[in-house]
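First up is the structure itself, then whatever we jot down about it.
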Amino acid sequence: MSVLVLQDKSVNRAKMSGLDQDQRHHPSCREKTLASDSSDSRELPSQQLQGLKLASHAVLEEAQQRGRLKCSKCGGSRMFFCYTCCSLVGMSLQDVPTVKLPVKIDIIKHPNETDGKSTAIHAKILAPSDITIYTYPCIPEYQKDKVVLVFPGPRAVSVQDMMKCLHDRSHDSADEPCRKRLKTEQVQGSTRTSESSESGTPDEAKSSVSKVDPLHRVVFIDSTWNQTNKISTDERLQDLLQVELKMRKTCFWRHQKGKPDTYLATIEAIYYFLMDFHEHCLDEEYSGEYDNLLFFYSYLHSIVNKAKTSAGKC
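Numbered per UniProt numbering, the sequence shown spans residues 1 to 314.
Written out as structure tokens, the structure reads:
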């Protein structure tokens, strides 16, 4: 994703017995996101993960000690959360952090992408009011001057240039025939009404919308790299402005052979996008506001690294 999703599997299954072994945290073979390749890419190493402003992992440590439990909804054996039902297992919502995002996010998941391999679930659990997951071919109707697709390509722009491009698109839309413009304004009105009801008081909603206007939603694709083309080329996404994440590297514990380290997991892509958005679009200094999106990711990262060290693979 500019964002793509690819992840791969395998690590010490004994150490990860409490986790669904495919419940990877990061990029590398099957749940990956693609950013542009750059020699100046900034990596997210283990040290930086340790420096994140995260809620205490004590609740996850206790859950790991208890072992797998059955999901109350589907009955599946799970650790931490059920990736099928997007619900916590053995924990309550009060036990984990909730992250408020400055913009709504849609994740389009490939139907063949295994739920247990998708870090998109992390995002949905940690930011439930701001993130929606759709399974392809289900894709909402989007306004091309209000929504962006985070995905690499020859026409993709940086996060820094994204808002200007959207403003230009909005200006172009204003020059279209009145009938078409009226229809757009009606859809826009209904969208804002819906979003305002989700974001608190009218004053808070108005302030929030004005800060991110004209951006209403950001779309990410959750799929293996080989399966991504079918979604990215869907005509319903073709008119959206594409945004590419640059200067980013994955820190997934299992890097996919033959693929650049600029392939990011879905949760990484969302996190990096929001960091850039906060600094370049909201024009505010980033102070860890979205670090807790990596709450599960960072913990799983530490588990895998410990397993590798014990096995002499690090």
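Virtual Cβ for every residue (Gly too), placed ideally from N, Cα, C.
Complete beta strand (DSSP E) runs within the stretch 209-238 (minimum length 3 residues, chain order): 217-222
If you check the beta carbons only, do residue 105 and residue 145 fall under 8 Å apart? no
Under the three-state DSSP convention, the category residue 80 falls into: coil
Every unbroken beta strand (DSSP E) within the stretch 124-159, with a cutoff of 3 residues, ordered by chain: 131-135 and 147-150
Name the two residues that bound the continuous alpha helix (DSSP H) containing residue 300. 295-310
Counterpart residues of residue 243 in DSSP-defined beta bridges: 150 and 157
Inter-stretch contact at 8 Å, needing at least 3 Cβ pairs: the stretch 116-129 / the stretch 80-92: yes
For residue 240 and residue 147, which I take to be in contact (beta-carbon distance under 8 Å), what is that distance rounded to the nearest angstrom? 6 Å
Length of the line joining the Cα atoms of residue 115 and residue 55: 25 Å
Residue 61 to residue 280, Cα distance in whole Å? 36 Å
Integer Cβ distance of residue 97 from residue 277, believed to fall under 8 Å: With 8 Å as the limit, residue 97 and residue 277 do not qualify as a contact, their Cβ atoms being about 19 Å apart.
Measure the C-alpha to C-alpha separation of residue 268 and residue 171 and round it to an integer number of angstroms. 32 Å
Residue 155 to residue 244, Cα distance in whole Å? 9 Å
Of the choices 71, 91 and 272, whose alpha-carbon is the least far from that of residue 82? 71
Per DSSP, which one or two residues make a beta bridge with residue 106? Answer is 132 and 219.
Would you list the one or two residues that DSSP bridges to residue 87? 82
DSSP beta-bridge partners for residue 69? Per DSSP, 78.
Quick one: what does DSSP say residue 112 is sitting in, helix, strand or coil? coil
If you run the structure through DSSP and keep just helix, strand and coil, what is residue 276? helix
Quick check on residue 283: does DSSP put it in helix, strand or coil? coil
Just to confirm, is the Cβ distance from residue 300 to residue 290 under 8 Å? no
Whether residue 109 touches residue 135 by CB criterion (8 Å): yes
Neighbour-count burial assignment, residue 283, 16 or more Cβ in a 10 Å radius: exposed
Contact set for residue 112: own chain, Cβ-Cβ below 7 Å, skip 5 residues either direction: 227
DSSP three-state call for residue 59: helix, strand or coil? helix
I'd like to check one pair, residue 150 with residue 103: are the Cβ atoms closer than 8 Å? no
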